[in-house]
Structures are given as C-alpha cells and as structure tokens.
Amino acid sequence: MKKQFAVLAILIIFVFSIPVYAGAPMATVEANVKKVLDVLRDPKLKAPSAKKAKKEKLRVIYKAMFDEVEFSKRTLALNWPKLTQDQQKEFVDLFEQVLEKAYIDKILDYSNEKVDFYKEDMKKDTQAEIQTKVVTASKEIPIFYRVLLKDGQWKVFDVVVENVSLVQNYRTQFNEILANKSPEQLLEILRNKVKEH
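Each residue of the sequence shown is one higher than the last, beginning at 17 in my numbering.
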C-alpha cells in the first residue's frame, strides 16, 4: 500500500495541486491545472538537459499552491506544539524538501493522463474539497484536494488519493518516530533524508 500510495502521490504534490485564488475553488483549480501541465508538456523542457529548469518551474508552483505551515501543523497534529518555534520553522522547510525528493522524478515521467473535475464540496465558507479523478489507460484514480481560504487565497492543505490522506499517511509515520524520539531527533532524520542522493 505504501508503495502504491507513493506512486500515486506523484499526481498530487506538483502535478495537479496548484495555486488556487479566491473564487469558486473548483473552477480556479481546473483553470490553473493547465499551467502545471504546460510545464510538463513543454517541448523545450523535454530534453534531459532541461530537467533542472523543469524542476524549478514545478517548485515555484508548489510553493505558490501549498499552505506549507498548515500542512505541517496538520501532519504533526498534537506533536506540533512540542516543537519550539525554530524547530517548527525548520520542520516546514525540511518536510517540503523531503516531499520534493520523494516525488519530483516520478512527476517528470507524467504521460498525459486525463484529469476530470467533477465535484466541489464546500465544507465551510473557508474550506472546500475538490473531487477529481485521473483517468489512465487501465483505471480511474480518485484524487480529492482539500483547500483552505486564508488571506484571500485558496491553498491546498491535504490531498486524498484513493481514500488515503497525504496528511494522515505522514502523520502516522511521524507519530511512530516521536513516540520514541525527541523533536530534535525527528529533525535529524529529516536532515539526513534531505542529504541523501
């Protein structure tokens, strides 16, 4: 399951999750997906020598679309207050890098799967879930985006792939670590993951 989730998650972080501005959440997500797909389909970025430039373009989109602090808070949940302010800041930065290292090479293998947007579920005035599915040659993969309206912008704070929440998946892993280790030891684990080649 973890391997399957990791493979499907490539469709989450950089490819289909994009900056969402105030307005109808689904309409805005759908309009902005094209910007991300344009990067992946750009003929000028197909060559191996353009890999770095493509990664940088995707990185800019990621930083614009995701509420990294909210994502980190929800992932650590009850453990978040156990970190000092400096540790929280470092965690947000390291976690972003860990996610990028885990998924970006897979994202670059994107092969023109179709994305259908079929439902916008407003949970509150400031929170919505956008329900989509990725259609491949062999199956349909449901992907739901949970977005939050903050400072006039809709930002993604969680993604659910085939009923598996990205936040919940990482929360389980970090809870296991923090059950036996200190916040500083967790940060050291993440530092080492970022350094791995």
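Heads up, the beta-carbon is just placed ideally off N, CA and C, and yes, glycines get one too.
A direct Cα-Cα distance of roughly 14 Å separates D58 from I123. Here Y186 carries a helix assignment [DSSP, helix/strand/coil].
Scanning Y161, E192, L56, E204 for the CA closest to the CA of E46 turns up Y161. Counting C-beta pairs with one atom in each stretch, the stretch 49–64 and the stretch 160–175 have fewer than three that are closer than 8 Å, which means they do not touch.
The alpha helix (DSSP H) runs of length 4 or more contained entirely in the stretch 57–143 are, from start to end of the chain, 67–81, 84–92, 101–123. Close CB contacts of K70 within its chain, under the 7 Å cut and outside five residues either way in sequence, are with V55, L61, L124 (chain order). Pairing V180 with L110, the inter-Cα distance amounts to about 23 Å. Within the same chain, Cβ atoms closer than 6 Å to the Cβ of T91 are found at V183, Y186, R187, the five residues on either side in sequence being excluded. Annotation: E156 is outside any alpha helix (DSSP H); the continuous beta strand (DSSP E) that includes it extends over 156–166. Taking the Cα positions, K98 is about 10 Å away from L194.
Counting only the Cα atoms, K68 lies some 29 Å from Q169.
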